[in-house]
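Participant: Under my numbering, residues 334 to 618 are what the sequence shown spells out, in order.
Where is the CB? At the ideal position from N, CA and C, for every residue including glycine.
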Amino acid sequence: RNKQQLEFFDNLHLGCLKYKPGMTDFQVAASAQYVIERLLSTVMEKARTANISKNLVYMGGVALNCSANEHLSKYFNNIWIMPNPGDAGSALGAAALAYGGRLKWQGPYLGTNIPGEYPVNAILDELMSNRIVGVASGRAEFGPRALGNRSLLADPRGEDIKDRVNKIKRRQEFRPFAPVILEEYADKYFDMPQGWASTEYMQVVARCLRPDHFPAIVHQDGTSRIQTVPKDCPSGIRQLLEKWFVLTDCPMLLNTSLNIKGEPMVNDRADADRFEQRYQVKVCS
334 RNKQQLEFFD
344 NLHLGCLKYK
354 PGMTDFQVAA
364 SAQYVIERLL
374 STVMEKARTA
384 NISKNLVYMG
394 GVALNCSANE
404 HLSKYFNNIW
414 IMPNPGDAGS
424 ALGAAALAYG
434 GRLKWQGPYL
444 GTNIPGEYPV
454 NAILDELMSN
464 RIVGVASGRA
474 EFGPRALGNR
484 SLLADPRGED
494 IKDRVNKIKR
504 RQEFRPFAPV
514 ILEEYADKYF
524 DMPQGWASTE
534 YMQVVARCLR
544 PDHFPAIVHQ
554 DGTSRIQTVP
564 KDCPSGIRQL
574 LEKWFVLTDC
584 PMLLNTSLNI
594 KGEPMVNDRA
604 DADRFEQRYQ
614 VKVCS
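Put into C-alpha cells, the structure is as follows:
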C-alpha cells in the first residue's frame, strides 16, 4: 500500500473536522477501501485463530463490499452472506435467533409478486435485436442486488454496451456492470474465488479471464462482481440463460438493477410501466 493510504489509516480516528487529507476524491476512496480491508482482515484473523469454526456467516452493511469480501477466503473455507446483509437482513437474523430452531434458506425472491411465467421469449426477442431490456417478473429480490426478477439485461459483448446502459441508468461512465452466468460455465470465464458456499448473490469479485470479450462487466482492476446461477435457481433467469446460450454460445448476460440512479428498484407492474414509458426501455413481465 502507498504512503497516502497508510497516512489515511493512521489519521482516520481524528475525523473529517480535524484531518483534511491532501488527496483527490479517487485517492480518498482508495484509501478508505484500504482501511476497510485492513480492519476486516484483522477481525477475521482473530475470529479464525479462535478456532471455533472454519465456517463463516457474515452480516452487516460492510458485507456488501465485494472487493473486501475477496479476502475472506484467507481465513475461512465455507463462507455465506445473506443477500440482504444490512439492517433488514440483521432484523431477520434476530428473528431467527429468537426462534432458536434450524432454518433452511429458501432463496432471495421474497418480495412483491408479479404473477405469470417468466417472459423468456419476450426478453430474448429484445436481446437478439441488440436492445437493452428490463424484466419484472415473479417475486422481487430481498436485498439491494437485482438477481434476475427486477433486472435490466443486455448482451455483455461489444464495446458500446456499457455506455448505452449507463446512459439509461444515469451513472458515471467509468462504472461497469455485473455478469450473471450459468454456474457450470463460470470457471471458464472467471478465476472463481475459493471457499464460498454460494456465489449466487453478487457478493464477491472474480478476475475475468477474457476481459477483451466482455468489457462492460469488467472493473478497472480486471475483476467482475459475479452472479452465478445454479440449476436449482428458483428464478426464470436460469431458463433465460440456457436459451440465450443455445442461441449465442455465450453463457452470460449483463445484469443491473431495474432502476435509475437515486430511485428505488421497480417493485410492481405499475412501477414497470412507468419505467418503460419514462426511459423507453421495454420491461417484460
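(1) Measuring alpha carbon to alpha carbon, tell me which of Leu542, Phe510, Ser374 ends up nearest Ala519.
(2) Which ranges does the beta strand (DSSP E) cover as unbroken runs of at least 3 residues, wholly within the stretch 546-575, from first to last along the chain?
(3) Take Ile494 as the anchor and find which of Pro509, Gln505, Leu480 has the nearest alpha-carbon.
(4) Whole angstroms is fine: what's the gap from Arg558's alpha carbon to Val538's?
(5) Under the assumption that Val498 contacts Thr589 (Cβ atoms under 8 Å), give the Cβ distance between them as a whole number of angstroms.
(6) Under a Cβ-count criterion, where at least 16 other Cβ atoms within 10 Å of its own Cβ denotes burial, should Asp343 be classed as buried or exposed?
(7) How is the alpha helix (DSSP H) around Val498 delimited, first residue to last?
(8) So is Tyr442 buried or exposed if we call it buried at 16+ other beta carbons inside 10 Å?
(9) If you draw a straight line from the C-alpha of Val466 to the C-alpha of Gly355, how long is it?
(10) Measuring only the C-alpha atoms, how far is Ile447 from Arg472?
(11) My output table needs one value for Val599: the three-state DSSP class, helix, strand or coil.
(12) Any contact of the stretch 545-560 with the stretch 451-467, i.e. 3+ C-beta pairs under 8 Å?
(13) Can you tell which of Thr581, Glu370, Leu580, Lys500 has the C-alpha that lies nearest to the C-alpha of Ile593?
(14) Determine whether the beta carbon atoms of Ala479 and Met598 lie at a separation below 8 Å.
(15) Would you mind reading off the limits of the alpha helix (DSSP H) that contains Ser400?
(16) Where does Val390 fall in DSSP's three states?
Facilitator: Inspection of the coordinates gives the following:
(1) On the sequence shown, position 186 is the one that residue 519 refers to. The shortest C-alpha separation from Ala519 is found at Leu542.
(2) 556-558, 560-562
(3) Locating residue 494 in the sequence shown gives position 161, counting from the first residue. By alpha-carbon distance to Ile494, the top candidate from Pro509, Gln505, Leu480 is Pro509.
(4) For this step, residue 558 is matched to residue 225 along the sequence shown. For this step, residue 538 is matched to residue 205 along the sequence shown. Arg558 and Val538: Cα-Cα distance of roughly 4 Å.
(5) Working through the sequence shown from its first residue, we reach residue 498 at position 165. Working through the sequence shown from its first residue, we reach residue 589 at position 256. Yes, Val498 and Thr589 are in contact; Cβ-Cβ is about 7 Å, under 8 Å.
(6) Translated into the one-based positions of the sequence shown, residue 343 becomes position 10. Here Asp343 is exposed. Its C-beta has fewer than 16 other C-beta atoms within 10 Å.
(7) As a position in the sequence shown, residue 498 is number 165, starting the count at 1. Val498 -> alpha helix (DSSP H) spans 494-502.
(8) Against the sequence shown, residue 442 aligns to sequence position 109. Counting Cβ neighbours within 10 Å, Tyr442 comes out buried, since at least 16 surround it.
(9) Your numbering for residue 466 matches position 133 in the sequence shown. Your numbering for residue 355 matches position 22 in the sequence shown. CA-CA distance, Val466 to Gly355, rounds to 43 Å.
(10) On the sequence shown, position 114 is the one that residue 447 refers to. On the sequence shown, position 139 is the one that residue 472 refers to. Distance between the alpha carbons of Ile447 and Arg472: 6 Å.
(11) Along the sequence shown, one-based indexing puts residue 599 at 266. Coil, per DSSP.
(12) When Cβ pairs closer than 8 Å are counted between the two stretches, the stretch 545-560 is seen not to touch the stretch 451-467, the count staying below three.
(13) Position 260 of the sequence shown, counted from the start, is the residue given in the question as residue 593. Relative to the Cα of Ile593, the nearest Cα in the group Thr581, Glu370, Leu580, Lys500 belongs to Lys500.
(14) In the sequence shown, residue 479 corresponds to position 146, counting from 1. In the sequence shown, residue 598 corresponds to position 265, counting from 1. Yes.
(15) If you number the sequence shown from 1, residue 400 lands on position 67. Element bounds for Ser400: 399-402.
(16) Taking the first residue of the sequence shown as position 1, residue 390 is located at position 57. Judged by DSSP in its simplified three-state form, Val390 adopts strand.
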